[in-house]
Amino acid sequence: RSLRWDDPVQRHLPGFRMHDAWVGQQMQVRDLLIHNSGLGLGAGDLMLWPEPNAFTRADIIAGLAHLTPVSSFRSHYAYDNLMYVVAAAAATSP
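Residue numbers for the sequence shown follow the working numbering, beginning at 14 and rising by one.
This is the structure:
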């Protein structure tokens, strides 16, 4: 299945959730890559570092639902490595 910029993330990852259910439903692939999710700078990075750690890709994606945003969806830029993890999972989903 092809991945398009405007695809809802949940089309490729049905279990994808954010702290606000509406944001999880509205999040598009492009939102993952332009860092306007509402999460703060580097939110959740402790799930990635230090290495090695026991967090799987699925753990990281599930953990997003527990991260509280610091701004409203699509209102501010804040770089977040975890969104690239989600984008990679969406791109490789069956």
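Ideal Cβ positions, reconstructed from N, Cα and C, are used throughout, including at glycine.
Taking the Cα positions, W62 is about 13 Å away from D93. Membership of A71 in the alpha helix (DSSP H) is indicated by the continuous run R70 to G76. Contact between G76 and G57 holds: CB atoms are separated by about 6 Å, below the 8 Å threshold. Proximity of the segment 83-102 to the segment 35-54 meets the contact definition, three or more beta-carbon pairs being nearer than 8 Å. Nearest C-alpha to V83 among A104, D72 and L54: L54.
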